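Student:
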Amino acid sequence: MIVGERILEASGSRTSRDSIKGLSINISLESVSMAEGNVEVTYVYTANYDQNVGQLKIKGVLISKEDEKLSKEIVDSWKKSSKIPDSYAELVLSAINYSGSANGTLLARVMGLTAPLIPPRIQISKEQSPPSISLKKGEK
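The following block contains the structure:
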């Protein structure tokens with residue numbers, strides 16, 4: 008269960024006054040660790056506006072409280088393969104996407120960009136290896 012978050016860095020740039028034709032979102036996990044009995048996931052959320060119009064970047068730490076067995080499984084999986092279990096990844100990526108959209112909206116306003124709003128439900132695709140992130144419209 009997600010219990011908190013800390014934003015470590017936030018930045019944005021508008022490199023062109025051209026109209027915005029598209030947006031891509033990238034979420035990368037930098038580290039997973041245990042601190043004070045919680046799982047802490049350090050991430051970078053990046054919104055790139057097509058044709059180099061601009062970029063928003065938010066780095067933060069997502070904090071979750073899980074049972075001891077699941078916490079150990081998550082951290083061990085990260086240490087072994089720099090991956091987290093799919094069921095936990097969906098929760099974490101959805102929370103990061105929500106936070107990035109909310110906080111990114113504030114940054115976008117200052118930069119004169121459109122808000123980085125992406126449909127909220129993230130699912131890990133089972134067909135591909137390694138797992139990929141797919142954003143599906145209309146799912147909650």
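Residue numbers for the sequence shown follow the numbering used here, beginning at 8 and rising by one. No residue lacks a Cβ here, since even glycine has one placed at the ideal position from N, Cα and C. Quantities reported herein were computed from a predicted structural model and do not represent experimental measurements.
On the CB-based measure, 16 or more other CB atoms within 10 Å of its CB, does residue 33 come out buried or exposed?
Tutor: Here the question's residue 33 lines up with position 26 in the sequence shown. Burial call: exposed.
Student: Could you please give the first and the last residue of the uninterrupted beta strand (DSSP E) stretch that includes residue 11?
Tutor: For the purposes of this step, residue 11 is taken as the residue at position 4 of the sequence shown. Residue 11 -> beta strand (DSSP E) spans 9–21.
Student: Mind checking which residues open and close the beta strand (DSSP E) that includes residue 61?
Tutor: Indexing the sequence shown from 1 puts residue 61 at position 54. First-last of the beta strand (DSSP E) with residue 61: 61–71.
Student: For residue 81, count the other beta carbons within 10 Å of its own beta carbon; 16 or more makes it buried, fewer makes it exposed. Which is it?
Tutor: Within the sequence shown, numbered from 1, the residue matching residue 81 stands at position 74. It counts as buried.
Student: Return helix, strand or coil for residue 43, following the three-state DSSP convention.
Tutor: As a working note, residue 43 is residue 36 in the sequence shown. Three-state DSSP puts residue 43 in coil, outside helix and strand.
Student: For residue 113, report the span of its alpha helix (DSSP H) as first-last.
Tutor: Position 106 of the sequence shown, counted from the first residue, corresponds to residue 113. Its alpha helix (DSSP H) spans residues 93–118.
Student: Reducing DSSP to helix, strand and coil, say where residue 36 ends up.
Tutor: What you label residue 36 is simply residue 29 of the sequence shown in a count that begins at 1. If DSSP states are grouped into helix, strand and coil, residue 36 belongs with the strands.
Student: Once DSSP output is grouped into helix, strand and coil, what is the label at residue 145?
Tutor: Position 138 of the sequence shown, counting from 1, holds the residue named residue 145. Residue confidence is low: residue 145 scores 43 on pLDDT, short of 50, so the model does not pin down where it sits. Its coordinate-derived value is still stated next. In this structure, residue 145 counts as coil in the three-state DSSP scheme.
Student: Just curious, the alpha helix (DSSP H) that residue 78 is in, first and last residue?
Tutor: If you number the sequence shown from 1, residue 78 lands on position 71. Where residue 78 is concerned, the enclosing alpha helix (DSSP H) stretches over 75–88.
Student: Measuring alpha carbon to alpha carbon, tell me which residue in 113, 61, 100 is nearest residue 51.
Tutor: As a first step, residue 51 must be located in the sequence shown, where it is residue number 44. Closest by alpha carbon: 100.
Student: Would you mind working out which of 28, 123, 57, 73 sits nearest residue 103, comparing C-alpha positions?
Tutor: As a working note, residue 103 is residue 96 in the sequence shown. Comparing Cα positions, the closest option is 123.
Student: Rounded C-beta distance between residue 69 and residue 12? I'm assuming under 8 Å.
Tutor: As a position in the sequence shown, residue 69 is number 62, starting the count at 1. As a position in the sequence shown, residue 12 is number 5, starting the count at 1. That pair is a contact at about 5 Å.
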